[in-house]
Amino acid sequence: MRAPLFITVPLTLLLAATPAASRDLDQDEALRLRREGLIMPLEALLQRAMERYPGASLLEAELEEEDGIYVYEIELLTTDGVARELELDARDGRLLKDEED
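If you count by mature numbering (1 follows the signal peptide of the UniProt record, and there is no 0), then the sequence shown holds residues -22 to -1, 1 to 79, one letter each, in order.
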């Protein structure tokens, strides 16, 4: 009876500590999702990100699927030289995260 408990408790703790599943989507998947109307155009989301930080330079933009939600992760370099990481919901452009990278 004790042996299963020694296995179950560590396994439960390991699963609880595992980060949320996410995967990067390639350009073909992004294009398909855009054509199907499931995500907004990248240009529109970049415009929203740039409005938050006028004059910033784009470092990187990635489309990811996180727990069934499509998210654009956008990295900017502000005019002050600060790297920012923004996450925008790819469906509606809602800001999910904005933090210094």
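Virtual Cβ for every residue (Gly too), placed ideally from N, Cα, C.
In chain order, what are the residue ranges of uninterrupted alpha helix (DSSP H) at least 4 long that sit wholly in the segment 13 to 61? 20 to 30
Can you give me the Cβ contacts of Leu3 inside the same chain, cut-off strictly under 7 Å, excluding the 5 residues immediately before and after it? Leu41, Glu42 and Glu43
Could you give the DSSP three-state label for Arg1: helix, strand or coil? strand
Can you tell me which residues form a DSSP beta bridge with Asp67? Val49
Helix or strand or just coil, what does DSSP make of Asp6? helix
Give the straight-line distance between the Cα atoms of Ala(-2) and Gly71, rounded to the nearest whole angstrom. 21 Å
Output the distance between the C-alpha atoms of residue 113 and Ala8, rounded to the nearest integer angstrom. In the structure as shown, the chain begins at -22 and stops at 79. Residue 113 is therefore absent and cannot be evaluated.
Whether Leu54 touches Arg62 by CB criterion (7 Å): yes
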